[in-house]
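**Q** Just so you know, the sequences run in chain order A and B. First residue of the first sequence: 1, per my numbering; consecutive thereafter. First residue of the second sequence: 1001, per my numbering; consecutive thereafter. Note that the Cβ used here is the ideal one computed from N, Cα and C, for glycine as well. I have a structure here, written as structure tokens, and I will follow up with some questions on it.
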Amino acid sequence: MDTVVQVEGLRKVYGATVAVDEVSFEVREGEIFGMVGPNGAGKTTTIECLEGLRKPDRGLVRVLGVDPQRDGQILRERTGMQLQQSNLPERMRVWEALDLYASFYSKAADWKELLRQLGLEEKRNALFSKLSGGQKQRLFIALALLPDPQLVFLDELTTGLDPQARHAIWDLVRDIRTRGKTVLLTTHFMEEAERLCDRVAILDHGRIVALDTPAALIRGLGVEERVVFNLDGALPAGFEEALSGAVRLEIQGAQVTVHGKVGRKVSVVSEVVSLLTAQAVPFHGLRTEQPTLEDVFLSLTGRAMRE
Amino acid sequence: MTWMEAKLFLREPASAFFTLVFPLMYLLLFGAISGNEPTPQFGGQRTLDASIPGLAAMIICIAGLMSTTMTMSTYREKGVLRRLRTTPVSPLVVLVAQLIVVFAMTALGMLLLVAAGVLIFHMRFEGNTFSVLAGFTLSSLSFFAIGFILAGIMPTVRSAWVVAMVLLYPMLLLSGAFFTVELLPAAVQKVSAFLPLTYVVNLLRGLWVGEPWGQHLLDVGVLAGMLVFGSIVSARTFRWE
């Protein structure tokens, strides 16, 4: 597989703030690569260095084999970019925007086709200012796909969208990949990264603290899965001891939560269920809570909220 | 891109109104009040004949300071330029497209003005059409250059708006676009000598009645200087975001 993006030792400083420090990663052809992290972690700065919009202070950046600072023009012909903060003139119509932007590329994709694929046909004549958040983002995706790019940058694509719109956008992003394009996206929604990305880099304070597939990140960090059930009576004595090693029991009134590491030989849930059955303990409402990327993220970056 | 910008210009009620309709309204109002009779105030010229070049200067001033400045600074603040930057389009194309549109609209405003003058008030024109057009073009471009500088150096749309207004009103009132400068007190006349628009008014009014370019070397010099200075500074201060 070819390397589409190569970053080595990237560093970018704004005044006294180190926005990105020693960031290195590679993006392979045909994958959806995600950068996640709290606000101010350096995601946008990193992506903007790759897009050629910012000049790195140090480090090597190659996108589609070229240096974004030196050969920005080549890059802009062959990549699609969706920016976190950008707009179109309010009174521009949807089709006009596509037509105008198509004129900038020497080999532009057919915008009428894109309009259809992104479900914007009805909005063809709508003014940009009258579009909803999700429609604007779809239009931006359409603009990003106009150059028929090998690589698409999507920065905070679904921020501020309602859940329906977000799911629709996710489908579109998966669709971009099936057309053989590579996607590099940033998000602060862990769920988005988990569902969408083939590989995820977790950034914090300008550094990459973890990089792997979402599943491997969840397994590798030894985060716990939980089995929760409600008792109809009391828990028989010796129940906890009967469970094999490395589990922790938490009892709140009638509700019991069993915590256990992910990746053990017998999963926590099957062990709990067989034990409950063997000891004939009446229970109801049993459910499992699988760890998510969010748990990994929180355990890596700390729980405190920060801006 | 130019065509697109032109459509956007016309969809913006404020800019279309001020460059195309407002001067026309002013002319009609002016004509209704004073009629088109010779007055000593304009050295024996008829009032309307003399006021048309002044109104043309007003269009130039409004287009330069308001349309150019506001469009460019709004585009930057809203991230429209940022978006454009992700494409292979060069900044020069963006600026030139903008320039062509504002110029075309200014010319259209002027055309409407002259058409109204001719059709309604049977305006007389004693100058050389070609000279007037050349003077008009020079004046317009030098004012657009000021507009681009403002758009380049002002950090926000709001501040650009305030500065444009602060420059616009005294110029419109004191440069002789509405009244001849000679009507104003001597102290104010001195101020008017520092206003770029004064030179536009003098040049256009002179060319309008057929005065030779030689009589207006100062006006031409000032405007050409502004154009060169403005082009250099605005090219340097151009920012995508």
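When the Cβ atoms of the stretch 1065 to 1073 of chain B are set against those of the stretch 1161 to 1173 of chain B, are three or more pairs found closer than 8 Å?
**A** Touching, yes, given that three or more Cβ pairs across the two stretches are closer than 8 Å.
**Q** If you measure from the beta carbon of B/VAL1080 to each beta carbon in chain A, is any gap under 8 Å?
**A** Against the second sequence, residue 1080 of chain B aligns to sequence position 80. Yes, B/VAL1080 lies at the interface with chain A (some Cβ there is under 8 Å from its Cβ).
**Q** Take B/ALA1235 as the anchor and find which of B/ASN1128, B/GLY1176, B/THR1019 and B/SER1090 has the nearest alpha-carbon.
**A** The residue given as residue 1235 of chain B occupies position 235 in the second sequence. Nearest of B/ASN1128, B/GLY1176, B/THR1019 and B/SER1090 to B/ALA1235, Cα basis: B/SER1090.
**Q** Who are the near neighbours of A/VAL66 in its chain, counting only those whose CB is closer than 8 Å to its CB and skipping five residues on each side?
**A** Looking up residue 66 of chain A in the first sequence gives position 66. ILE74 and LEU75, listed in sequence order.
**Q** Below 9 Å on C-beta distance, what does B/VAL1101 contact in chain A?
**A** Locating residue 1101 of chain B in the second sequence gives position 101, where the first residue counts as 1. Per Cβ cutoff of 9 Å: no residues; B/VAL1101 is ~12 Å from chain A at best.
**Q** Could you spell out the range, first to last residue, of the alpha helix (DSSP H) harbouring A/GLU294?
**A** As a position in the first sequence, residue 294 of chain A is number 294, starting the count at 1. Looking at the DSSP string, the run of the alpha helix (DSSP H) that includes A/GLU294 is 293 to 301.
**Q** In terms of residues, what are the limits of the beta strand (DSSP E) holding A/ASN39?
**A** For the purposes of this step, residue 39 of chain A is taken as the residue at position 39 of the first sequence. No beta strand (DSSP E) contains A/ASN39, which DSSP labels as neither H nor E.
**Q** Under the three-state reduction of DSSP, which class applies to B/ARG1236: helix, strand or coil?
**A** What you label residue 1236 of chain B is simply residue 236 of the second sequence in a count that begins at 1. Residue state, collapsed to three classes: helix.
**Q** Can B/LEU1184 and B/LEU1172 be called in contact, C-beta distance under 8 Å?
**A** Here residue 1184 of chain B refers to the residue found at position 184 of the second sequence. Here residue 1172 of chain B refers to the residue found at position 172 of the second sequence. Their beta carbons are not under 8 Å apart, which means B/LEU1184 does not touch B/LEU1172 by this criterion.
**Q** Taking 8 Å as the CB-CB limit, is A/PHE229 close to chain B?
**A** Numbered from its first residue, the first sequence carries residue 229 of chain A at position 229. A/PHE229 does not count as touching chain B.
**Q** Could you give the DSSP three-state label for A/TYR14: helix, strand or coil?
**A** The residue given as residue 14 of chain A occupies position 14 in the first sequence. Here A/TYR14 sits in strand by DSSP.
**Q** Where does A/LEU243 fall in DSSP's three states?
**A** Within the first sequence, the letter at position 243 stands for residue 243 of chain A. The answer is coil: DSSP assigns A/LEU243 none of H, G, I, E or B.
**Q** Which whole-angstrom value describes the C-beta separation of A/THR257 and A/VAL228, a residue pair presumed to lie in contact below a C-beta threshold of 8 Å?
**A** Walking along the first sequence from the start, residue 257 of chain A turns up at place 257. Walking along the first sequence from the start, residue 228 of chain A turns up at place 228. Sure, about 5 Å apart at Cβ, within 8 Å.
**Q** For A/GLY34 versus A/LEU151, is the C-beta spacing smaller than 8 Å?
**A** As a working note, residue 34 of chain A is residue 34 in the first sequence. As a working note, residue 151 of chain A is residue 151 in the first sequence. Not closer than 8 Å, so no.
**Q** In the stretch 78 to 99 of chain A, which residues sit with their C-beta less than 7 Å from some C-beta in chain B, listed in chain order?
**A** So the close ones are MET81, LEU83, GLN85, SER86, ASN87, LEU88, PRO89, ARG91, MET92 and GLU96.
**Q** Looking at the structure shown, is A/ASN230 part of a helix, part of a strand, or coil, going by DSSP?
**A** In the first sequence, residue 230 of chain A corresponds to position 230, counting from 1. DSSP places A/ASN230 in strand when its eight states are reduced to three.
**Q** Measuring only between beta-carbons, confirm whether B/PRO1091 sits less than 8 Å from chain D.
**A** The question asks about chain D, but that chain is absent: this structure's protein chains are A and B.
**Q** In whole angstroms, give me the CA-to-CA distance for B/LEU1020 and B/VAL1093.
**A** Residue mapping note: residue 1020 of chain B aligns to position 20 of the second sequence, counting from 1. Residue mapping note: residue 1093 of chain B aligns to position 93 of the second sequence, counting from 1. Cα to Cα, the separation comes out at about 25 Å.
**Q** With 8 Å as the threshold, decide whether the Cβ of A/SER129 is near any Cβ in chain B.
**A** By one-based count along the first sequence, residue 129 of chain A stands at place 129. No - not a single Cβ of chain B is within 8 Å of the one on A/SER129.
**Q** Can you confirm whether B/PRO1088, when its beta carbon is compared against all beta carbons of chain A, has any partner nearer than 8 Å?
**A** As a working mapping, residue 1088 of chain B is identified with position 88 in the second sequence. At least one chain A Cβ lies under 8 Å of B/PRO1088.
**Q** So which residues of chain A does B/ARG1158 contact, with C-beta pairs closer than 8 Å?
**A** For the purposes of this step, residue 1158 of chain B is identified with residue 158 of the second sequence, where counting begins at 1. Result: empty, since nearest Cβ-Cβ is about 17 Å, beyond 8 Å.
**Q** Taking a contact to mean a Cβ-Cβ separation below 8 Å, would you say A/GLU44 touches A/GLN6 in this structure?
**A** The count along the first sequence starts at 1 and reaches residue 44 of chain A at position 44. The count along the first sequence starts at 1 and reaches residue 6 of chain A at position 6. According to the sequence provided, residue 44 of chain A is Thr. The question's Glu does not apply to it. Taking 8 Å as the Cβ cut-off, A/THR44 and A/GLN6 do not qualify as a contacting pair.
**Q** Taking a cut of 7 Å between CB atoms, which residues from the stretch 64 to 77 of chain A lie near chain B?
**A** Against chain B - using a Cβ distance shorter than 7 Å - the residues of the stretch 64 to 77 of chain A are GLN73, ARG76 and GLU77.
**Q** Any idea if A/VAL27 is buried or exposed, counting beta-carbon neighbours within 10 angstroms, 16 or more meaning buried?
**A** Translated into positions along the first sequence, residue 27 of chain A becomes position 27. Answer is buried; the Cβ neighbour count reaches 16.
**Q** So which residues of chain A does B/ARG1083 contact, with C-beta pairs closer than 9 Å?
**A** Here residue 1083 of chain B refers to the residue found at position 83 when the second sequence is read from its first residue. Within chain A, the residues near B/ARG1083 are MET81, LEU83, SER86, ASN87, LEU88, TYR101, PHE140 and LEU143.
**Q** A/LYS261 lies in the beta strand (DSSP E); which residues open and close that run?
**A** Locating residue 261 of chain A in the first sequence gives position 261, where the first residue counts as 1. Counting along the chain, the beta strand (DSSP E) containing A/LYS261 begins and ends at 255 to 261.
**Q** Name the residue from B/ILE1153, B/LEU1204 and B/LEU1218 whose alpha carbon lies nearest to the alpha carbon of B/PHE1238.
**A** Working through the second sequence from its first residue, we reach residue 1238 of chain B at position 238. Measuring from the Cα of B/PHE1238, the nearest candidate turns out to be B/ILE1153.
**Q** From A/VAL247 to A/VAL266, what does the alpha carbon distance come to, in whole angstroms?
**A** By one-based count along the first sequence, residue 247 of chain A stands at place 247. By one-based count along the first sequence, residue 266 of chain A stands at place 266. Answer to the nearest angstrom: the Cα atoms are 12 Å apart.
**Q** Between which two residues does the beta strand (DSSP E) containing A/GLY160 stretch?
**A** As a position in the first sequence, residue 160 of chain A is number 160, starting the count at 1. Unbroken run through A/GLY160: none, as it is neither H nor E.
**Q** Taking 6 Å as the limit between beta carbons, can you name the residues of its chain near A/LEU60, skipping five residues before and five after?
**A** Taking the first residue of the first sequence as 1, we reach residue 60 of chain A at position 60. Answer for A/LEU60: GLU8, listed in chain order.
**Q** Whole angstroms is fine: what's the gap from A/PHE104's alpha carbon to B/THR1087's?
**A** Working through the first sequence from its first residue, we reach residue 104 of chain A at position 104. Working through the second sequence from its first residue, we reach residue 1087 of chain B at position 87. About 7 Å.
**Q** Thinking A/LYS107 and A/ASP148 are a contact (beta carbons under 8 Å), I'd like their distance in whole angstroms, please.
**A** In the first sequence, the residue the question calls residue 107 of chain A occupies position 107. In the first sequence, the residue the question calls residue 148 of chain A occupies position 148. That belief holds up - the Cβ atoms of A/LYS107 and A/ASP148 are roughly 7 Å apart, short of 8 Å.
**Q** Starting from A/VAL200, follow the beta strand (DSSP E) in both directions and report where the run begins and ends.
**A** As a first step, residue 200 of chain A is located in the first sequence; it is residue number 200 there, counting from the start. 199 to 204 is the span of the beta strand (DSSP E), which, as asked, contains A/VAL200.
**Q** Based on the DSSP output, what are the partners of A/GLN252 in its beta bridges?
**A** The residue you call residue 252 of chain A lines up with position 252 of the first sequence. Note: A/GLN252 sits in a beta bridge opposite A/GLN255.
**Q** Please report the Cβ distance between A/ALA210 and A/LEU118, rounded to the nearest whole angstrom; I am assuming they are in contact, meaning their Cβ atoms lie under 8 Å.
**A** On the first sequence, residue 210 of chain A is found 210 positions in, with the first residue counted as 1. On the first sequence, residue 118 of chain A is found 118 positions in, with the first residue counted as 1. 33 Å between Cβ atoms; not a contact.
**Q** With 16 as the cutoff for other CB atoms within 10 Å, does A/ARG54 come out buried or exposed?
**A** Translated into positions along the first sequence, residue 54 of chain A becomes position 54. Buried.
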